[in-house]
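Q:
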Amino acid sequence: MMNMLKLLPIAIATAVVSGQLLANEQQENSRFAIAGYGDVKYEDSKVMDSSAFSARFIPIFLFSLNDKIHIEAETEISIDQQGETEIELEYADIHYFLSDTTTFTAGKLLLPFGQYGPYQHPSWINRSVFSPGIYGGIGGHGGYQPMQGLLPVMSDIGVGIQHIIPLGKNQKIFFDLYMTNGLAAEAPHDDEEEGHDKESTLEGNEEVDEHTLELPELAFEARSGDNNSDKALGGRISYAFLPGVEVGASYYTAKYDDDQKLGFTATGFDINWIGNHYIVRGEYIKTETDDFEEDEHEENKVTTFDRNGWYLQATFMAGKMFNVLQGTDFVVEYAETNKINEAERWAYGINYWLDSRAVIKATYEDTTVHDGEDDKRFAIQYSYGF
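In our numbering, the protein residues as written are 1172 to 1557.
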């Protein structure tokens, strides 16, 4: 059963937050298990002058072929703005345990970039109703976003290997390496605004002669095909002093055009620090996006656009200190993006835990865009894990 637990990308985060694994002892001899999460949300946006309810259900299926081979899959079921049911395969992969410390994985992978994407994005683990501002619309706004994320929560089709080095009591180093199909350029004149699977068009770059420029639109959506022979390469290394501290560094690079002349690279650093009455989480991400620049003297001159941003989230678990506030958390988060489409965001939240895996969250956020429309949003979400 311990091997089966390795199939959950959220298992490490869940164990750190709650001090226990998701599975219960009654499933110990079972070859099949179901976990997952879901949520119901009410959200009001000033800039959109609208409010709406939404709901999602995300089951995670775990299957053990034997002690060495396990399978996992996560499917999100939701309703879109037109009332149609959407079913999306978030990830589906097979694991082969080479040893107690080394695992080979193949399939559609949830890429281990940072901590929010692979470990903290499930709504009952994320302490805010919204995604951090440096990420795309997953679990957050969807649709129009005044603060453009640097990355979505990435998944792709390929292979990966994970290795753990124990250093002593409660200390470990985690290695993740992967190779996947990679991203591609969006088709021209794509007017979609959704930030789920691409980096939105952004304007302005002070470093290139003050001209108004547009970043290419990049499709991060996983596809069973590739527009070139280049493959995305990436990985993450982290040090963990369990159960309280984990710090990590991530890297991702790929060529996205048909001729393999234009690349995209992302570098990240993350921290997760958990105390008796508080949680501090944060990430810094820098991206470099190549594009052709029109030049009358040189054809196909390549220009690189840099972006960077960071967020820091602090949670005070007041209920663990004051009995009168039992089950209550207070959350504050700050995020900013720089260089292109600069923006900053403050978010404030109050959470009430009905039990260890069911929470009602209320979050207010105020986004300031340096060259665009500001926004204020308020949301209440009931989320649960199982």
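Using N, Cα and C, we set each Cβ at its ideal position, and we do this for glycine too. Keep in mind that this is a model prediction, so the values were computed, not measured.
Have a look at Ile1250, Thr1256, Tyr1262 and Lys1217 and flag the residue whose alpha-carbon is nearest the alpha-carbon of Phe1232.
A: Tyr1262
Q: Hey, could you find the ends of the beta strand (DSSP E) Val1451 is sitting in?
A: Where Val1451 is concerned, the enclosing beta strand (DSSP E) stretches over Tyr1449 to Glu1464.
Q: Among Ile1344, Gln1552, Gly1339 and Leu1282, which has the Cα closest to the Cα of Pro1323?
A: Leu1282
Q: Pull up the DSSP beta-bridge partners for Pro1230, would you.
A: Per DSSP, Gly1207.
Q: I'd like to know if the segment 1265 to 1277 and the segment 1527 to 1538 are in contact, where contact means that at least 3 CB-CB pairs between them fall below 8 Å.
A: no
Q: Use the C-beta contact count for Met1492: other C-beta atoms within 10 angstroms, 16 or more gives buried, fewer gives exposed.
A: exposed
Q: Report the three-state DSSP secondary structure of Gly1490 (helix, strand or coil).
A: helix
Q: Using the three-state DSSP reduction, which class does Gln1291 fall into: helix, strand or coil?
A: Gln1291 falls in the helix class under three-state DSSP.
Q: Quick check on DSSP: helix, strand or coil for Val1416?
A: Val1416 falls in the strand class under three-state DSSP.
Q: Name the two residues that bound the continuous beta strand (DSSP E) containing Leu1348.
A: Gln1342 to Thr1351
Q: Near Gly1419, which residues of its chain fall below 6 Å by C-beta distance, leaving aside the five closest residues on each side in sequence?
A: Arg1407, Ser1409 and Asp1441.
Q: Do you know offhand how far Gln1252's Cα is from Pro1303's?
A: 23 Å
Q: Find the nearest neighbour of Asp1347 within the set Gln1291, Leu1354 and Val1330, judged by alpha-carbon distance.
A: Closest by C-alpha distance to Asp1347, out of Gln1291, Leu1354 and Val1330, is Val1330.
Q: Is it right to say Arg1516 is buried, meaning 16 or more other beta carbons lie within 10 angstroms of its own, or is it exposed?
A: buried
Q: Suppose the cutoff is 6 Å on Cβ atoms and the five residues either side in sequence are ignored; what does the same chain contact list for Gln1552 look like?
A: In its chain, beyond the 5 residues on either side, Asp1210, Lys1212, Val1300 and Lys1532 have a beta carbon closer than 6 Å to the beta carbon of Gln1552.
Q: Starting from Val1540 and walking both ways along the beta strand (DSSP E), at which residues does that stretch end?
A: Ala1529 to Val1540
Q: According to the Cβ coordinates, are Ser1249 and Ser1225 closer than 9 Å?
A: yes
Q: Please state if the CB of Val1502 and the CB of Gly1480 are separated by a distance shorter than 9 Å.
A: no
Q: Who are the near neighbours of Val1451 in its chain, counting only those whose CB is closer than 6 Å to its CB and skipping five residues on each side?
A: The residues are Trp1444 and Ala1485.
Q: Going by DSSP, what residues sit across from Gln1552 in a beta bridge?
A: Lys1212 and Lys1532
Q: Can you tell me the Cβ-Cβ gap for Ile1265 and Thr1246, rounded? I've got them flagged as a contact below 8 Å.
A: So it is not a contact: roughly 16 Å between Cβ atoms.
Q: Considering only the beta carbon of each residue, do Tyr1267 and Leu1354 sit closer than 9 Å?
A: No, the pair does not count as a contact, with Cβ atoms beyond the cut-off.
Q: Quick check: is any heavy atom of the ligand NAD less than 8 Å from the C-beta of Pro1289?
A: With respect to small molecules bound, the structure shown includes none, and the ligand NAD cannot be examined in it.
Q: I'd like to check one pair, Ala1425 with Lys1402: are the Cβ atoms closer than 9 Å?
A: Contact annotation: Lys1402 and Ala1425 have beta-carbon atoms nearer than 9 Å.
Q: Considering only their Cβ atoms, is the gap separating Gly1556 from Ala1206 smaller than 9 Å?
A: yes
Q: Among Gly1446, Gly1396, Thr1499 and Tyr1422, which one has its Cα closest to the Cα of Ile1328?
A: Gly1396
Q: Just to confirm my understanding: we take Gly1543, look at its own chain, exclude 5 residues before and 5 after, and list those with CB closer than 7 Å. What are they?
A: Non-local beta-carbon contacts of Gly1543 in its own chain, meaning distances under 7 Å to residues more than five positions away in sequence, involve Pro1317 in chain order.
Q: Hey, Gln1319 and Leu1413: beta-carbon distance below 9 Å or not?
A: no
Q: Return helix, strand or coil for Gly1254, following the three-state DSSP convention.
A: When secondary structure is reduced to three states using DSSP, Gly1254 falls in the coil class, being assigned neither helix nor strand.
Q: With 16 as the cutoff for other CB atoms within 10 Å, does Gln1431 come out buried or exposed?
A: By the neighbour-count rule (16 or more Cβ atoms within 10 Å), Gln1431 is not buried but exposed.
Q: Please tell me whether Glu1464 has its Cβ less than 9 Å away from any Cβ of chain B.
A: Although the question refers to chain B, the structure presented lacks it and comprises just one protein chain.
Q: To the nearest angstrom, report how far apart Ser1294 and Ser1421 are at their CA atoms.
A: 23 Å
Q: State the Cα-Cα distance for the pair Asn1471 and Gln1333, rounded to the nearest angstrom.
A: 39 Å
Q: Just list the residues that DSSP pairs Val1502 with in beta bridges.
A: Thr1486 and Gly1520
Q: Under 7 Å Cβ to Cβ from Asp1546, same chain only, skipping five residues before and after it: list those, please.
A: Ser1216, Lys1217, Val1218, Pro1317 and Thr1538
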